[in-house]
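Trainee:
Protein chains: 2
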Amino acid sequence: VDLVERMLAGDVRALARLITYIESRHPELPQLMEKAYSHGGEAHIIGITGPPGAGKSTLVDKMTMHFREQGKRVGIVAIDPSSPFSGGALLGDRIRMSQHASDDGVFIRSLGTRGSHGGLSLATREVVRLLNSAGFDIIVVETVGVGQTELDIMELADSTVVVFVPESGDTVQTMKAGLTEIADIFVVNKSDREGASIMYRELQLMIEMANAKPWTPRLLSTVASKNEGVSDLVEALAEHQSFLSESDIGQKKRRAGNLVEFIEILTGEIGDRIRDESAQDGLAELIEQVKSGKTNPYLAALTVLRDPVLLRDLFAFDGKKKDSD
Amino acid sequence: VDLVERMLAGDVRALARLITYIESRHPELPQLMEKAYSHGGEAHIIGITGPPGAGKSTLVDKMTMHFREQGKRVGIVAIDPSSPFSGGALLGDRIRMSQHASDDGVFIRSLGTRGSHGGLSLATREVVRLLNSAGFDIIVVETVGVGQTELDIMELADSTVVVFVPESGDTVQTMKAGLTEIADIFVVNKSDREGASIMYRELQLMIEMANAKPWTPRLLSTVASKNEGVSDLVEALAEHQSFLSESDIGQKKRRAGNLVEFIEILTGEIGDRIRDESAQDGLAELIEQVKSGKTNPYLAALTVLRDPVLLRDLFAFDGKKKDSD
Numbered sequence: 001v002d003l004v005e006r007m008l009a010g011d012v013r014a015l016a017r018l019i020t021y022i023e024s025r026h027p028e029l030p031q032l033m034e035k036a037y038s039h040g041g042e043a044h045i046i047g048i049t050g051p052p053g054a055g056k057s058t059l060v061d062k063m064t065m066h067f068r069e070q071g072k073r074v075g076i077v078a079i080d081p082s083s084p085f086s087g088g089a090l091l092g093d094r095i096r097m098s099q100h101a102s103d104d105g106v107f108i109r110s111l112g113t114r115g116s117h118g119g120l121s122l123a124t125r126e127v128v129r130l131l132n133s134a135g136f137d138i139i140v141v142e143t144v145g146v147g148q149t150e151l152d153i154m155e156l157a158d159s160t161v162v163v164f165v166p167e168s169g170d171t172v173q174t175m176k177a178g179l180t181e182i183a184d185i186f187v188v189n190k191s192d193r194e195g196a197s198i199m200y201r202e203l204q205l206m207i208e209m210a211n212a213k214p215w216t217p218r219l220l221s222t223v224a225s226k227n228e229g230v231s232d233l234v235e236a237l238a239e240h241q242s243f244l245s246e247s248d249i250g251q252k253k254r255r256a257g258n259l260v261e262f263i264e265i266l267t268g269e270i271g272d273r274i275r276d277e278s279a280q281d282g283l284a285e286l287i288e289q290v291k292s293g294k295t296n297p298y299l300a301a302l303t304v305l306r307d308p309v310l311l312r313d314l315f316a317f318d319g320k321k322k323d324s325d
Numbered sequence: 326v327d328l329v330e331r332m333l334a335g336d337v338r339a340l341a342r343l344i345t346y347i348e349s350r351h352p353e354l355p356q357l358m359e360k361a362y363s364h365g366g367e368a369h370i371i372g373i374t375g376p377p378g379a380g381k382s383t384l385v386d387k388m389t390m391h392f393r394e395q396g397k398r399v400g401i402v403a404i405d406p407s408s409p410f411s412g413g414a415l416l417g418d419r420i421r422m423s424q425h426a427s428d429d430g431v432f433i434r435s436l437g438t439r440g441s442h443g444g445l446s447l448a449t450r451e452v453v454r455l456l457n458s459a460g461f462d463i464i465v466v467e468t469v470g471v472g473q474t475e476l477d478i479m480e481l482a483d484s485t486v487v488v489f490v491p492e493s494g495d496t497v498q499t500m501k502a503g504l505t506e507i508a509d510i511f512v513v514n515k516s517d518r519e520g521a522s523i524m525y526r527e528l529q530l531m532i533e534m535a536n537a538k539p540w541t542p543r544l545l546s547t548v549a550s551k552n553e554g555v556s557d558l559v560e561a562l563a564e565h566q567s568f569l570s571e572s573d574i575g576q577k578k579r580r581a582g583n584l585v586e587f588i589e590i591l592t593g594e595i596g597d598r599i600r601d602e603s604a605q606d607g608l609a610e611l612i613e614q615v616k617s618g619k620t621n622p623y624l625a626a627l628t629v630l631r632d633p634v635l636l637r638d639l640f641a642f643d644g645k646k647k648d649s650d
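Residue numbers (the numbering used here), protein chains in the order written: chain A, 1 to 325; chain B, 326 to 650.
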């Protein structure tokens, strides 16, 4: 808990330690997070996604420069899917960010999925909450968008930017309508390359067809490596933030996000504790029957759902098991 | 429930309907599945994964021919990640399978992720269970391995085959040790192409380095389109199945799988019902506080975990809400 107070006071090492606790599912996490969460923040949470090689990291790098010029503190969470077939290029990309390494107004952290059971979405939400409590003005969540996990993660953003390059034509065709559902802003990066205008028109057509209301996704061209178009992107993000606060969309998003987070924490904790063999008494017997195949998982789940009191022995948050009920 | 009896009696349309119920999270699913699950099966569950373009569908097609010659009934579940950035080539691939379309010993079904909240892993387990109950001897689960979701899915297989092509060198380099953890059998498909022997040696070296015990992953070359090497693969799968039944590894896998399934059903149902606004009374008030930000999600989750009786009003499985507690 001391750690949380240090984080709230601006201690970056305490923040980093807490994130490590999140990654390792430290047993004291619930208490620590409960304390951290009681200090909300007003950060603008920006999601950036797109296929590998779209130049997302460079774009985030340049956006960060702009935000820093505005005097804003920036927290960056890079999601590395560590997926066997998608590659793990993010670490290399991050090295390019090192120009911000000595700037204590910028905090960068990678989160990986290795070993987690669908827990990445929750872990990301938790890290974003911490950064928010720690007083960052802008929080950027960058993912390589290759799967459902990454899309789920984008749900936590206030504003989502989807980045393409001129070569992404097939990807756009494959996604079609799905794209306009998640993107608030489209970016054609590396737009000095051949095919950029074709990609731009393709996205423009798609946006027109989708006819999204009340917010029509913005479409921008950038050359992040040359810092071209990045200030327009920063401006479009500010516009979207204003739109969110002026309409009820922003509030709806936050409400939905709060609910998802509650469900993920609740069900994640139940799952973790069953997996950790914290179950005792009736629940432990039921679980053994499930494992051995004597009871089928559905019947066992129904048994617990009809009598959730069975879950009670899972939760001895002081670290000791309950010795009676 | 009638539907389940028809499925158990071999009615393929009833099976297809039940799978649709799984995809749409039909409200009667718990009761239907509980009934279906009480009829276990002894199928060999085979997972096939690998990067897009590795020829997995053709390989599955040819494997299916071999299994059919052995008189075995084959159920195939193709997982289509429907992921924005990975493409949806599976449907086209499936058309090639149409030679089995008139064979009632083969059942093929695609499962997509669109709209599901991390529920694909559970849905796949449920479909595999159904196919098992319906008496299929071989169940093949084919995924395009691009994310954590797909790897989680592979956990349900008794035997996992990872398929590469000569061009997959970078992918193998990126994954390294992770690969030997999931693969029981490696296949270099399209091995008549240039670079096949380099890929083969690379995988061979990786397998030797990993020094996995007690099962050393097998390494095979195939040209699925010409049916070359496929009978060796079918044989290696039979070997691995024997290994599983002779060691305690198979039993351990099943026990772990049963537990994961129980956790996914339990926590999935809790999440679904909270999302569906089934909560009443105390829980409904708590949820409103979470949504509005008056209570933070962690504190709310802890409140429920400490007093799981709060969950009781979520579960009125006869479709009616509980009117008292």
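C-beta: ideal position from N, C-alpha, C; glycine also.
(1) Is the region 190-206 of chain A touching the region 32-43 of chain A, taking contact as three or more C-beta pairs under 8 Å?
(2) List, from N- to C-terminal side, the beta strand (DSSP E) runs of 3 residues or more that fit wholly inside the region 152-212 of chain A.
(3) Establish whether the CB of S570(B) and some CB of chain A are separated by less than 8 Å.
(4) Along the region 601-620 of chain B, where does the CB come closer than 8 Å to a CB of chain A? Name the residues.
(5) Which chain A residues sit within Cβ distance under 7 Å of S363(B)?
(6) Near E451(B), which residues of its chain fall below 6 Å by C-beta distance, leaving aside the five closest residues on each side in sequence?
(7) Our contact map puts L244(A) next to G282(A) with C-beta atoms below 8 Å; I'd like the distance itself, whole angstroms only.
(8) Taking 8 Å as the CB-CB limit, is N583(B) close to chain A?
(9) If you measure beta-carbon to beta-carbon, which residues of the region 46-61 of chain A are closer than 9 Å to chain B?
(10) Compare the beta carbon distance of G231(A) and H66(A) with 8 Å and say whether it is the shorter of the two.
(11) Give the DSSP-derived three-state secondary structure of T383(B) in the structure shown.
(12) State the beta-bridge partners of G75(A) as determined by DSSP.
(13) Note down, in chain order, every chain A residue with its Cβ under 7 Å from the Cβ of P355(B).
(14) Are any of the Cβ atoms in chain A nearer than 8 Å to that of F461(B)?
(15) Is it buried or exposed for V226(A), if we count other Cβ within 10 angstroms and need 16 for buried?
(16) Along chain A, which residues have their Cβ under 7 Å away from the Cβ of G596(B)?
(17) For P633(B), go through chain A and note every residue whose CB falls closer than 7 Å to its CB, in chain order.
(18) Can you name the start and end residues of the alpha helix (DSSP H) that S617(B) belongs to?
(19) The region 12-31 of chain A: which residues have C-beta closer than 7 Å to a C-beta of chain B, in chain order?
(20) Name, in chain order, the residues that DSSP records as bridge partners for G378(B).
(21) Between E359(B) and chain A, is any beta-carbon pair separated by less than 8 Å?
(22) Since I274(A) meets chain B, which of its residues come closer than 7 Å, beta carbon to beta carbon?
(23) Relative to chain B, which residues along the region 200-229 of chain A have a C-beta separation below 7 Å, given in chain order?
(24) Compare the beta carbon distance of T222(A) and M206(A) with 8 Å and say whether it is the shorter of the two.
(25) Looking at the strands, I want to know which residues DSSP matches up with H369(B).
(26) Does the Cβ of K646(B) have 16 or more other Cβ atoms within 10 Å, making it buried, or fewer, making it exposed?
(27) Using the three-state DSSP reduction, which class does S411(B) fall into: helix, strand or coil?
(28) What are the uninterrupted segments assigned as beta strand (DSSP E) that are 3 or more residues long and contained completely in the region 554-640 of chain B, given in chain order?
(29) So with Cβ pairs under 8 Å, would you call L328(B) a contact of chain C?
(30) Does S221(A) come out as helix, strand or coil in the three-state DSSP assignment?
(31) Going along chain B in order, which residues have a C-beta closer than 8 Å to the C-beta of R254(A)?
(32) Is there a C-beta anywhere in chain B that falls below 8 Å from the one on L233(A)?
(33) Short check: CB of T143(A) to CB of T49(A), under 8 Å?
(34) Could you list which residues in chain B have their beta carbon closer than 8 Å to that of L111(A), in chain order?
(35) D601(B): which of V163(A), I263(A), I270(A) and G271(A) sits nearest, CA to CA?
(36) Rounded to whole angstroms, what's the CA-CA distance from K515(B) to R580(B)? Just pull it up for me.
Mentor: The answer reads as follows:
(1) With a cut-off of 8 Å on Cβ pairs, the region 190-206 of chain A is not in contact with the region 32-43 of chain A, counting fewer than three such pairs.
(2) For secondary structure counted as the beta strand (DSSP E) over 3 or more consecutive residues, the region 152-212 of chain A holds these complete runs in sequence order: 159-164 and 185-188.
(3) Put simply, the CB of S570(B) is far from chain A, with every gap to its CB atoms at 8 Å or more.
(4) Per Cβ criterion, the list reads I612, V615, K616, S617 and G618.
(5) From the beta-carbon of S363(B), the residues of chain A found nearer than 7 Å are N296.
(6) Excluding positions up to five away in sequence, the list reads I347.
(7) Actually they are not in contact, since the Cβ atoms of L244(A) and G282(A) sit about 47 Å apart, beyond 8 Å.
(8) With a threshold of 8 Å between beta carbons, N583(B) makes contact with chain A.
(9) Within the region 46-61 of chain A, the residues whose Cβ lies closer than 9 Å to some Cβ of chain B are T49, G50, P51 and P52, listed in chain order.
(10) In the sequence as displayed, the identity of residue 231(A) is Ser instead of Gly. Pairing S231(A) with H66(A) gives a Cβ-Cβ distance under 8 Å.
(11) Residue state, collapsed to three classes: helix.
(12) Answer is F107(A) and I139(A), bridged to G75(A).
(13) Close partners of P355(B) in chain A (Cβ separation under 7 Å): Y298 and L302.
(14) No, its Cβ sits nowhere closer than 8 Å to a Cβ of chain A.
(15) Residue identity differs from the one stated: residue 226(A) is Lys in this sequence, not Val. Classification for K226(A): exposed.
(16) Ordered by position in chain A, the residues that pass the 7 Å Cβ test against G596(B) are I263 and T267.
(17) Neighbours of P633(B) on chain A, chain order: P308, V309, L311 and R312.
(18) Here the alpha helix (DSSP H) through S617(B) covers D606 to S617.
(19) Going along the region 12-31 of chain A in chain order, one finds P30 with a Cβ nearer than 7 Å to chain B.
(20) According to DSSP, which records beta bridges pairwise, G378(B) is partnered with nothing at all.
(21) Chain A contact via Cβ: present.
(22) Going along chain B in sequence order, the residues near I274(A) (Cβ under 7 Å) are I588.
(23) Listed by position along the chain: nothing, the set is empty.
(24) Going by C-beta atoms, T222(A) is not nearer than 8 Å to M206(A).
(25) Its beta-bridge partners are I463(B).
(26) Its pLDDT being 42, under 50, K646(B) is placed unreliably in this model, and the coordinates cannot settle the point.
(27) Interpretation of S411(B) is limited by its pLDDT of 35, a score under 50 that renders its predicted location unreliable; the figure taken from the coordinates is listed afterwards. Three-state DSSP puts S411(B) in coil, outside helix and strand.
(28) Entirely contained in the region 554-640 of chain B, not one beta strand (DSSP E) run reaches 3 residues.
(29) Included in the structure are the protein chains A and B, with no chain C among them.
(30) Three-state result, S221(A): strand.
(31) Here the neighbours are G618.
(32) Cβ-Cβ to chain B under 8 Å: no for L233(A).
(33) In this structure, T143(A) lies near T49(A), with their beta-carbon atoms less than 8 Å apart.
(34) Within chain B, no residue has its CB atom less than 8 Å from the CB of L111(A), the nearest being about 12 Å off.
(35) Of V163(A), I263(A), I270(A) and G271(A), the residue nearest in Cα terms is I263(A).
(36) Taking the straight line from one Cα to the other gives about 36 Å.
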